[in-house]
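Chemist: Input: one structure, supplied below.
Residue numbers (my numbering), protein chains in the order written: chain A, 1 to 143; chain B, 1001 to 1066.
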């Protein structure tokens, strides 16, 4: 069975995760899956998602992982909830973060581990004036 | 994708989700996803392709989402 991370990238990743200013909790939300596109074969999306998340959490004590069955507010499965310091700030990954998109999950974790946002000061000022709710969905593919 | 996550972390009013289009073809179809990344705000398809931070915020903060 192939490993989730390449052996040559693990040390750097451990270093980055260990250096995070706050811990990050990962929740794998499992439930009924939509039928994927033809070609997916017998790929077990939920099992793969658990494997990826557990492998990421195993790299550093700053990252924890747990599995929940159909948590409130989640309607697509599998999903990964990224919780900075255990706080749900609405960061989600719906689907299995493998291939190219593994970097998106790792990026989400590293960003969530920062104690201050990494946007420019101009962007932060603009967001500080925001007084309505925005749900941003980004459709991605793993290849 | 990272910009969306950064934006969510910077504002309590923003949430950000990556959605794997191949695993959720029905939703991707509803959102007219033909290429990735494809961005929707508050359930309305907006644009395709990566953009710089300033442009990203210009678009997601557009008054049409008021």
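Note that beta-carbon positions come from the ideal geometry of N, C-alpha and C, so glycine has one too.
All values reported here derive from a predicted model rather than from experimental measurement.
#1: Buried or exposed for residue 1023 of chain B, going by 16 or more other Cβ atoms inside 10 Å?
#2: Mapping DSSP to helix, strand and coil, what is residue 135 of chain A?
#3: Any chance the segment 108-120 of chain A sits against the segment 11-23 of chain A, with 3 or more Cβ pairs inside 8 Å?
#4: Verify whether the separation of the beta carbon atoms of residue 95 of chain A and residue 124 of chain A is less than 9 Å.
#5: Counting contacts by CB-CB distance shorter than 9 Å, is residue 1013 of chain B in contact with chain A?
#6: Just grab the DSSP bridge partners of residue 1047 of chain B for me.
#7: Tell me whether residue 1056 of chain B sits in a helix, a strand or coil according to DSSP, three-state version.
#8: Just to confirm the assignment: which complete alpha helix (DSSP H) runs, minimum length 4, are found wholly within the segment 59-113 of chain A?
#9: Determine the contact status of residue 100 of chain A and residue 1017 of chain B, defining contact as a CB-CB distance below 9 Å.
#10: Which bits of chain A does residue 1033 of chain B rub up against, with CB to CB less than 9 Å?
#11: In terms of DSSP beta bridges, what is residue 1015 of chain B paired with?
#12: Using a Cβ-Cβ distance under 9 Å, would residue 65 of chain A count as near chain B?
#13: Return yes when the Cβ of residue 4 of chain A is within less than 9 Å of the Cβ of residue 56 of chain A, no when it is not.
#14: Mind checking the segment 1030-1057 of chain B against chain A and listing, in chain order, the residues whose C-beta falls within less than 8 Å of any C-beta there?
#15: Mind checking which residues open and close the alpha helix (DSSP H) that includes residue 1062 of chain B?
#16: Report the neighbours of residue 1008 of chain B on chain A: residues whose CB is nearer than 8 Å to its CB, in chain order.
Modeler: With the given structure in hand:
#1: Translated into the one-based positions of the second chain, residue 1023 of chain B becomes position 23. Per the 10 Å Cβ criterion, buried.
#2: Here residue 135 of chain A refers to the residue found at position 135 of the first chain. Strand.
#3: yes
#4: Within the first chain, residue 95 of chain A is the residue found at index 95, counting from 1. Within the first chain, residue 124 of chain A is the residue found at index 124, counting from 1. Not a contact, by the Cβ cut-off of 9 Å.
#5: Taking the first residue of the second chain as position 1, residue 1013 of chain B is located at position 13. Yes, contact with chain A.
#6: Position 47 of the second chain, counted from the first residue, corresponds to residue 1047 of chain B. Answer by DSSP bridge pairing, in chain order: B/1039.
#7: Position 56 of the second chain, counted from the first residue, corresponds to residue 1056 of chain B. Three-state result, residue 1056 of chain B: helix.
#8: 102-112
#9: For the purposes of this step, residue 100 of chain A is taken as residue 100 along the first chain, with counting starting at 1. For the purposes of this step, residue 1017 of chain B is taken as residue 17 along the second chain, with counting starting at 1. No; because the gap between Cβ atoms is not below 9 Å, this pair is not in contact.
#10: As a first step, residue 1033 of chain B must be located in the second chain, where it is residue number 33. For residue 1033 of chain B, the chain A residues whose Cβ falls inside 9 Å of its Cβ are 139, in order along the chain.
#11: Position 15 of the second chain, counted from the first residue, corresponds to residue 1015 of chain B. According to DSSP, residue 1015 of chain B bridges with A/135.
#12: Taking the first chain and counting its residues from 1, one reaches residue 65 of chain A at position 65. Taking Cβ atoms only, chain B never reaches closer than 9 Å to residue 65 of chain A, which makes this a no.
#13: As a working note, residue 56 of chain A is residue 56 in the first chain. As a working note, residue 4 of chain A is residue 4 in the first chain. It is a contact, given that the beta carbons lie within the stated cut-off.
#14: 1031, 1033, 1036, 1037, 1038, 1039, 1040, 1041, 1042, 1043, 1053, 1054, 1057
#15: The residue given as residue 1062 of chain B occupies position 62 in the second chain. No alpha helix (DSSP H) holds residue 1062 of chain B; DSSP gives it neither H nor E.
#16: Looking up residue 1008 of chain B in the second chain gives position 8. Correct list: 89, 90, 91, 136.
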